[in-house]
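Numbering (the numbering used here), first residue to last: 1 to 342.
Beta carbons: idealized from backbone N, C-alpha and C, even for Gly.
Please read these numbers as outputs of a predicted model, since none were measured by experiment.
And the structure:
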């Protein structure tokens, strides 16, 4: 398939610059055989007792650093941790960096360029104070490039760009499908018999990388680290055997569940990296419903939801959302997708 098959026009007015307050006041488009408009707070009434909602409990770290190399200003965005000191990152402008260069971020905190790759990617080794302390002192929350508010500050985003259940630091982008949940909504879901499970997938900066090739099968997917523990996998499998549906709260959850599922549909414990690239034709084995936001044109995430529900159905749903004034992307509204051919 061509990347252009996943293109559409989105008016700028539909790109959300701030989240709704409260979080579950965002809108929710249910996509199955029909299209139905709801609010996100209606989600408990749309699920069934015995269903399992799976959340990603990763926590966004202050992964964007602005540093100095001689007279040049360098911006570095971390995207994957190799050890306490060693990270992979994207640098701008990467062309100014060479192996061995030291970029200074602040007092007693710097990084040595240890490797260079294509697309502005570099490997760095931090020096000075502990990495977590350095990021806390000098790092900023890595907001997506399409959030362009006037006089932007990160004070409110420190709270808004985290899920209420985030507790595993390591992501450099939020699992945005989870931003709609409030503590009260989670309690209501459980009260109605919906089971809640959590896994971890540290979302990388590669989630914003555009698809630059004409044919989607030539795209090289970024990898991300994730974990599903044995008990969580066992409970999800047991609920499936009992007839409960599996609802993934976001594409990160879906990607990790499908990465960990064997040919018989059993979800196995998982710890490591995944670079799974889900496109139309993919055989889903784990997830029945996907709750997610509205994604960018020509993106791997749009390809994923098209694989899940069907490209034509997604095109119709997205046009409906645009016409109805739904808000798109990270701080935008949500949709609840039913898997095609269940």
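Secondary structure at residue 4: helix, using DSSP grouped into helix, strand and coil. Note that the C-beta distance between residue 270 and residue 241 is not below 9 Å. Going by DSSP, residue 60 is part of the beta strand (DSSP E) stretching over 58 to 60. Relative to the Cα of residue 180, the nearest Cα in the group 114, 235, 43, 171 belongs to 43. A residue is called buried when at least 16 other Cβ atoms come within 10 angstroms of its Cβ; residue 308 meets this threshold and is buried.
Taken in chain order, no unbroken stretch of alpha helix (DSSP H) lies wholly in the stretch 264 to 294 with a span of 4 residues or more. Apart from sequence neighbours up to five positions away, the residues of its chain that approach residue 137 with a beta-carbon distance below 8 Å are 106, 109, 129, ordered along the chain. Of 15, 26, 134, the smallest CA-CA separation from residue 336 is found for 26. Secondary-structure assignment with DSSP links residue 334 through a beta bridge to 28, 293. If you draw a straight line from the Cα of residue 311 to the Cα of residue 206, it is about 23 Å long. One thing to note: residue 217 has its Cβ within 9 Å of the Cβ of residue 1.
Distance check between residue 64 and each of 290, 54, 204, 327 places 204 closest, using alpha-carbon atoms only. Collapsing the DSSP output to three states places residue 203 in coil. By the neighbour-count criterion, in which a residue is buried when 16 or more other Cβ atoms sit within 10 angstroms of its Cβ, residue 84 is exposed. For the pair of segments examined, the stretch 34 to 50 was found to touch the stretch 190 to 201: the number of CB pairs separated by less than 8 Å reaches three. Distance between residue 39 and residue 297, taken at the CA atoms: about 24 Å. Beta-bridge partners of residue 39 (DSSP): 27. In this structure residue 142 is not in contact with residue 200, their Cβ atoms being roughly 18 Å apart against a cut-off of 8 Å.
Inside the stretch 147 to 222, DSSP marks whole beta strand (DSSP E) runs of 3 or more residues at positions 168 to 171, 195 to 201, from first to last along the chain. Going by beta carbons, residue 253 and residue 175 fall inside the 9 Å limit. When DSSP states are grouped into helix, strand and coil, residue 320 belongs to the helix group. Per the coordinates, the alpha-carbon of residue 256 lies some 10 Å from the alpha-carbon of residue 56. Contiguous alpha helix (DSSP H) elements confined to the stretch 84 to 148 occur at 131 to 138, taking only those with 4 or more residues. For residue 72, there is no enclosing alpha helix (DSSP H); the enclosing beta strand (DSSP E) covers residues 72 to 81. Going by DSSP, residue 69 is part of the beta strand (DSSP E) stretching over 64 to 69.
With 16 or more other Cβ atoms inside 10 Å of its own Cβ, residue 126 counts as buried. Residue 226: member of the beta strand (DSSP E) spanning 224 to 228, first to last residue. A Cβ-Cβ distance of about 13 Å is found for the pair residue 232 and residue 266, leaving them out of contact under the 8 Å criterion. Per DSSP, the continuous alpha helix (DSSP H) segment holding residue 307 begins and ends at 300 to 309.
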